[in-house]
Amino acid sequence: MRLVWEKGEVQVDDIHQALLRDREIAYTTVMTVMSRLAAKGLLTRRKHGRAYLYRAALPREEMAESTLHEWSRRFFGGRILPAVSFLLGSERLTPEEVAELRRLVERLEKGDDGGWT
Numbered sequence: 196m197r198l199v200w201e202k203g204e205v206q207v208d209d210i211h212q213a214l215l216r217d218r219e220i221a222y223t224t225v226m227t228v229m230s231r232l233a234a235k236g237l238l239t240r241r242k243h244g245r246a247y248l249y250r251a252a253l254p255r256e257e258m259a260e261s262t263l264h265e266w267s268r269r270f271f272g273g274r275i276l277p278a279v280s281f282l283l284g285s286e287r288l289t290p291e292e293v294a295e296l297r298r299l300v301e302r303l304e305k306g307d308d309g310g311w312t
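Count along the sequence shown starting at 1, add 195, and that's the number in my numbering.
Here it is, written out as structure tokens:
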């Protein structure tokens, strides 16, 4: 999905070539995954000659928000604090990330959610 968001409208070969820079992967594997993402509504596609052009169905931010809300609902009953605690406990934060987290908490305490709902 990251590559699709970065590139906008893409063909399977665009994604395949980008992925080949990091690892060996079959064209048919990429085609299958993109077809499945389209079937699930995460990508849209339109016919262009003999190929399909794919786009993300939603902007990255909307999809992230929707996915995180669904994840929080499924695993933590929709409660944010247990979800955040889980995420923070699963990875070590850098001092810079801790400082940014403190700034976010301070903004929330002041009533500025930064657009978060």
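Yeah, the Cβ is synthetic: ideal placement off N, Cα and C, and Gly gets one too. Since this is a predicted model, take the numbers as computed values, not measurements.
Per the coordinates, the alpha-carbon of R218 lies some 34 Å from the alpha-carbon of L296. Counting the other CB atoms within 10 Å of its CB gives I275 a total below 16, which places it among the exposed residues. Classified as buried, V205 has 16 or more neighbouring CB atoms from the shown chains inside 10 Å of its CB.
When the five nearest sequence neighbours on each side are left out, the beta carbons in the same chain lying within less than 7 Å of the beta carbon of R240 are those of A233, Y247, L248 and Y249, in order along the chain. In this chain, K305 is not harboured by any beta strand (DSSP E), its DSSP state being neither H nor E. Rounded to whole angstroms, T227 and S267 show a C-alpha spacing of 29 Å.
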